[in-house]
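Chemist: Residues in the sequence shown are numbered consecutively from 263, following the working numbering. Take this structure first; my questions come after.
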Amino acid sequence: MSSTDLLVIGGGPAGCAAAIVARQNGLNVTLIERQRFPRHRPGESLHPGIQSLFRQLGIEDKILAEAPLRYKGQWTEQGNNATFQAFGEDDYGSWQGFQIPREQLDLCLLEHARLLGVDIRQPCRAVEVVRDNGKVMGLSTTQGEILAQCIIDASGGRHWLAEQLNTGLTYLSRPLYARYGYVSIDQASDCIEQPRFKVLANEWQWLAQVSERTIHWTRLYFDENTFIEGEKPTKHSCANKHTKAQRKINTPPKELAHLPKLGSIKGADVSWRKAKVPAEPGYYIVGDAAFVLDPTSSHGVLKALMSGIYAANLVAQVYKQKINDSVAAEIYNNWLIQWLEGDVNKLKAFYQNTLDLQSSD
Numbered sequence: 263m264s265s266t267d268l269l270v271i272g273g274g275p276a277g278c279a280a281a282i283v284a285r286q287n288g289l290n291v292t293l294i295e296r297q298r299f300p301r302h303r304p305g306e307s308l309h310p311g312i313q314s315l316f317r318q319l320g321i322e323d324k325i326l327a328e329a330p331l332r333y334k335g336q337w338t339e340q341g342n343n344a345t346f347q348a349f350g351e352d353d354y355g356s357w358q359g360f361q362i363p364r365e366q367l368d369l370c371l372l373e374h375a376r377l378l379g380v381d382i383r384q385p386c387r388a389v390e391v392v393r394d395n396g397k398v399m400g401l402s403t404t405q406g407e408i409l410a411q412c413i414i415d416a417s418g419g420r421h422w423l424a425e426q427l428n429t430g431l432t433y434l435s436r437p438l439y440a441r442y443g444y445v446s447i448d449q450a451s452d453c454i455e456q457p458r459f460k461v462l463a464n465e466w467q468w469l470a471q472v473s474e475r476t477i478h479w480t481r482l483y484f485d486e487n488t489f490i491e492g493e494k495p496t497k498h499s500c501a502n503k504h505t506k507a508q509r510k511i512n513t514p515p516k517e518l519a520h521l522p523k524l525g526s527i528k529g530a531d532v533s534w535r536k537a538k539v540p541a542e543p544g545y546y547i548v549g550d551a552a553f554v555l556d557p558t559s560s561h562g563v564l565k566a567l568m569s570g571i572y573a574a575n576l577v578a579q580v581y582k583q584k585i586n587d588s589v590a591a592e593i594y595n596n597w598l599i600q601w602l603e604g605d606v607n608k609l610k611a612f613y614q615n616t617l618d619l620q621s622s623d
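Have a look at this one:
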C-alpha cells in the first residue's frame, strides 16, 4: 500500500495536465495509466488557443521544436456554398492551429509530468474504489492499493469512476458513432492546405492533413432522432434505425477514395453524455470522463487540458487550506456545467439549422 496527495487515473491530456499543475503547486502526485505508450488516439487538429496552455504546462518549446503542421482556419462547405473561417490575427500575424499526432502529444505530456516528479505507474489499471464512510479515499489497482487525499478521474469516455460510484450518466443525444481513418498522400495535388468541414444530407465529413504524408478523415451520420435527451437509450425503433444508418458509413469520403488507406477504419462512440456528479469532496472527473460531445464541438483536447488544469488548481487550493473541499467541488461542477450547456446549445443550433435547410430543399 502507498499514499499520495493526488491520484490521477489516465495518462491522456486531461490526466497529465492535472498531474503537472498539481506538481507545480507542490503536491505529491501518482498517475496510473492502463496502456503502454505510444498508443493511438484521434484528435490531431488543435485550436490556436491551446498554445497558451502548452506554455502554462511547460511544454510549448518542445512542441514547437517538433515543427508540427500549422493551419489558419477551416473551410466549411454546404450545398453550393464554401466559406473560409480564419481563426483571426493580431500584431504578430495570423493565429494558427496545430496538427499534432496524439501519440506525440500524449508522450510529451507524460514525460514532462515524469520530469516534474510525478510517480507514473504504467501499465497499471484501476480495479475498484477505496471508500471510508462513503468518501473516496483511494484505489485498489493492479499494482496494489493507493490511498490519496483526492482522486482525479481522466479515464476518458469509459467513465470509470462514475461507473464505480454508480452515480450514472445523463445522455443528451441518441447513440452517435463517428467513423474515421487515414489515407496516404501520393502527390502534391492530394495535399489539403486547410481542413475542410463538409455538410451533406444527414452527414458531415471532416478532412485534415495531419502530417506531411497523411490525411485524417471523419464521418458522422445524424437525423431528426439524434438529439433526444434522457437515460441511455435501450431498444427503440427510432434509435435502432438511426444506429443502423450510422454503421453504413464505413468508407473514406469520395475525394479520398483513390488514396491508399493507412490502417483500418475505426469508430468512436461520440454520443452526447455527461457524468451526473462531476465532483464531490475527494474526487473530480475531467476531460471525456466528465462529458463527451461529438467532434463538431472542435475542442476535445482543449477541453481535456483546461478541465485537468482547473480541477488540479482547485485540489491545490484545498490542499493549501485556502478553500474547503465541498466549496471547491461545487465551483468545479458549476464551471463544467456552464461550459457543457454552452457547447450543447451551439451544437443543437448547428444541427437544427442543417436539418431545417435540408427539409426545405
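Where a beta carbon is used, it is the ideal one built from N, C-alpha and C, also for glycine.
Which runs of the alpha helix (DSSP H) spanning at least 4 residues fall entirely within the region 318-364, listed in chain order?
Modeler: 322-327
Chemist: Going by alpha carbons, who is nearest to Q286 out of G406, L378 and G355?
Modeler: Taking the first residue of the sequence shown as position 1, residue 286 is located at position 24. Out of G406, L378 and G355, L378 has the C-alpha closest to the C-alpha of Q286.
Chemist: Buried or exposed for Y354, please, with buried defined as at least 16 other CB atoms from any protein chain shown within 10 angstroms of its CB.
Modeler: In the sequence shown, the residue the question calls residue 354 occupies position 92. Y354 comes out exposed.
Chemist: Mind checking if N343 is an interface residue toward chain D, Cβ cutoff 7 Å exclusive?
Modeler: In summary, chain D is missing from the structure at hand, where a single protein chain is found.
Chemist: Should the region 276-291 be called in touch with the region 366-382, which here means at least 3 C-beta pairs below 8 Å?
Modeler: yes
Chemist: For a quick check, are the C-beta atoms of Y483 and I511 less than 7 Å apart?
Modeler: For the purposes of this step, residue 483 is taken as residue 221 along the sequence shown, with counting starting at 1. For the purposes of this step, residue 511 is taken as residue 249 along the sequence shown, with counting starting at 1. In contact: Y483 and I511 (Cβ atoms closer than 7 Å).
Chemist: Short of 7 Å in beta carbon distance, which residues of its chain neighbour G335, apart from the five on each side in sequence? Order them along the chain.
Modeler: Numbered from 1 along the sequence shown, position 73 holds the residue referred to as residue 335. Counting only Cβ-Cβ distances below 7 Å, and skipping sequence neighbours, we find F346, Q347, A348, F349 and Q456.
Chemist: Quick check: the Cα distance between Q628 and W357, rounded to an integer number of angstroms?
Modeler: With the chain running from 263 to 623 in the structure shown, residue 628 is simply not present.
Chemist: Across the region 461-481 and the region 511-526, are there enough close Cβ pairs to call them in contact, namely three or more that are closer than 8 Å?
Modeler: yes
Chemist: What's the gap between the Cα of A450 and the Cα of K536?
Modeler: Residue numbering aside, residue 450 sits at position 188 when the sequence shown is read from its first letter. Residue numbering aside, residue 536 sits at position 274 when the sequence shown is read from its first letter. When rounded, the distance between both Cα atoms is 42 Å.
Chemist: Please classify G273 as buried or exposed, where buried requires at least 16 other C-beta atoms within 10 Å of its C-beta.
Modeler: As a first step, residue 273 is located in the sequence shown; it is residue number 11 there, counting from the start. It counts as buried.
Chemist: Please list the terminal residues of the continuous beta strand (DSSP E) segment that includes I477.
Modeler: Reading the sequence shown from its first residue, position 215 is the one you call residue 477. Run containing I477: T476 to Y483, per the beta strand (DSSP E) assignment.
Chemist: Report the CB separation of S533 from S435 in whole angstroms; it is logged as a contact under 8 Å.
Modeler: One-based indexing of the sequence shown puts residue 533 at position 271. One-based indexing of the sequence shown puts residue 435 at position 173. The Cβ separation is near 6 Å, so the contact holds.
Chemist: Cβ atoms of I271 and A388: under 7 Å apart, would you say?
Modeler: Here residue 388 is taken as the residue at index 126 of the sequence shown, counted from 1. Here residue 271 is taken as the residue at index 9 of the sequence shown, counted from 1. It is a contact, given that the beta carbons lie within the stated cut-off.
Chemist: Could you pull the DSSP bridge partners for G311 from this structure?
Modeler: Taking the sequence shown and counting its residues from 1, the one referred to as residue 311 is at position 49. None; G311 has no bridge partner.
Chemist: Measure how close the beta-carbons of Y647 and P304 come, nearest whole angstrom, since I'm counting them as under 8 Å.
Modeler: Here the chain comprises residues numbered 263 to 623, so residue 647 is not present and cannot be evaluated.
Chemist: Could you check which residue in D323, G430, I413 and R298 has the C-alpha nearest to that of T292?
Modeler: Taking the first residue of the sequence shown as 1, we reach residue 292 at position 30. Closest option to T292, Cα to Cα, is I413.
Chemist: Tell me which residues share the same chain as Q297 and place their Cβ nearer than 7 Å to its Cβ, disregarding the 5 neighbours each side in the sequence.
Modeler: Translated into the one-based positions of the sequence shown, residue 297 becomes position 35. The residues are P385.
Chemist: With H, G and I counted as helix, E and B as strand and the rest as coil, what does DSSP make of S569?
Modeler: Counting from one through the sequence shown, the residue named residue 569 turns up at place 307. The DSSP-derived three-state label of S569 is helix.
Chemist: Between I321 and the rest of its own chain, which residues show a CB-CB distance below 7 Å, the 5 nearest in sequence each way excluded?
Modeler: Within the sequence shown, numbered from 1, the residue matching residue 321 stands at position 59. Cβ within range, chain order: C370, L371 and H374.
Chemist: Would you check whether the ligand ADP has a heavy atom nearer than 6 Å to the C-beta of N586?
Modeler: Within the structure as shown, the ligand ADP is missing, as the structure has no ligands at all.
Chemist: Taking all protein chains shown into account, decide if T589 is buried (16 or more other Cβ within 10 angstroms of its Cβ) or exposed.
Modeler: Walking along the sequence shown from the start, residue 589 turns up at place 327. Note that residue 589 corresponds to Val in the displayed sequence, not to Thr. Its Cβ having fewer than 16 others within 10 Å, V589 is exposed.
Chemist: Which full runs of the beta strand (DSSP E) of 3+ residues lie inside the region 531-609, going along the chain?
Modeler: 535-537 and 545-547
Chemist: Assuming I282 and L319 form a contact by the criterion Cβ under 8 Å, report the distance between their Cβ atoms to the nearest whole angstrom.
Modeler: Residue mapping note: residue 282 aligns to position 20 of the sequence shown, counting from 1. Residue mapping note: residue 319 aligns to position 57 of the sequence shown, counting from 1. Their Cβ separation, rounded to whole angstroms, is 5 Å, which keeps I282 and L319 in contact under 8 Å.
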